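Numbering follows UniProt numbering, in which position 136 of the sequence shown is assigned residue number 136; successive positions increment by one, without gaps.
Here the structure comes first, spelled out in structure tokens, and everything after it is commentary.
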Amino acid sequence: MRVAIYARVSTEAQGARGTIGSQVAALRERVAAEGHEVVSEFLDDGHSGARLDRPGLDSLRDAAEAGLLDAMWCLSPDRLARVYAYQVIVLEEFARLGVAVFFADAPNIDDDPQARLLTQVQGVIAEYERAKIAERYRRGKLWRSRSGE
């Protein structure tokens with residue numbers, strides 16, 4: 001089985017702290033535990049999951065379209081996309097291309113309807129979480145501006 005892994009962090013600071021490396025290590029370990037070998041890594045270091053156009057994700061989608069992959073592993077649904085609609089687009093695209101998608105921190109979405117529902121709910125929660133982070137950021141920025149910082 002030709003397995004790719006996908007990892008993403010939103011900020012370059014997270015990348016500098018090694019969080020993308022920890023994702024890659026966890027994914028490689030999980031894929032090996034399943035008895036497979038990673039043939040490709042696709043990384044988005046410093047790219048928001050709120051965007052669908054990311055260099056690593058674009059390359060992953062191109063590899064899937066070219067028939068170079070049988071499966072793709074990602075740590076969790078929110079690493080794939082922070083916008084639920086984007087998550088659905090990518091998952092449906094991979095399904096159409098015959099590329100199985102696995103999340104290390106979630107049940108196999110092809111196992112049963114409950115697992116698929118859980119993945120969908122996690123996608124909606126990821127989008128909500130991103131909106132709350134943006135709201136807090138804007139509030140803090142406004143406060144700093146008003147207080148002269």
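We put the beta carbon where it would ideally sit given N, CA and C, even for glycine.
Model, not experiment: these values are computed from the prediction.
Name, in chain order, the residues that DSSP records as bridge partners for residue i.
i, result
"Y6", "F42 and C74"
"E37", "R2"
According to DSSP, is residue i part of a helix, a strand, or is it coil?
i, result
"V31", "helix"
"V101", "strand"
"E93", "helix"
"E127", "helix"
"V24", "helix"
"E149", "coil"
"D112", "coil"
Between residue i and the rest of its own chain, which residues show a CB-CB distance below 8 Å, the 5 nearest in sequence each way excluded?
i, result
"V31", "V3, I5, E37, V38 and W73"
"Q122", "S76, P77, D78 and A106"
"R138", "none"
"D70", "M1, R2, V3, G98, V99 and A100"
"G15", "Model confidence at G15 stands at a pLDDT of 48, short of 50, so the residue's coordinates are unreliable and nothing is read from them."
Assign residue i to buried or exposed, taking buried as 16 or more other Cβ atoms, counted over all protein chains shown, within 10 Å of its Cβ.
i, result
"S145", "exposed"
"I20", "buried"
"G49", "buried"
"Q114", "exposed"
Report, in whole angstroms, the separation of the C-beta atoms of residue i and residue j, which I expect to be a contact under 8 Å.
i, j, result
"F42", "L27", "Contact doesn't hold; Cβ gap of about 11 Å is too wide."
"L52", "Y84", "Wrong, their Cβ atoms sit about 12 Å apart, outside the cutoff."
Does residue i get closer than 9 Å to chain D when you measure Cβ to Cβ?
i, result
"R96", "The structure shown has no chain D; it contains just one protein chain."
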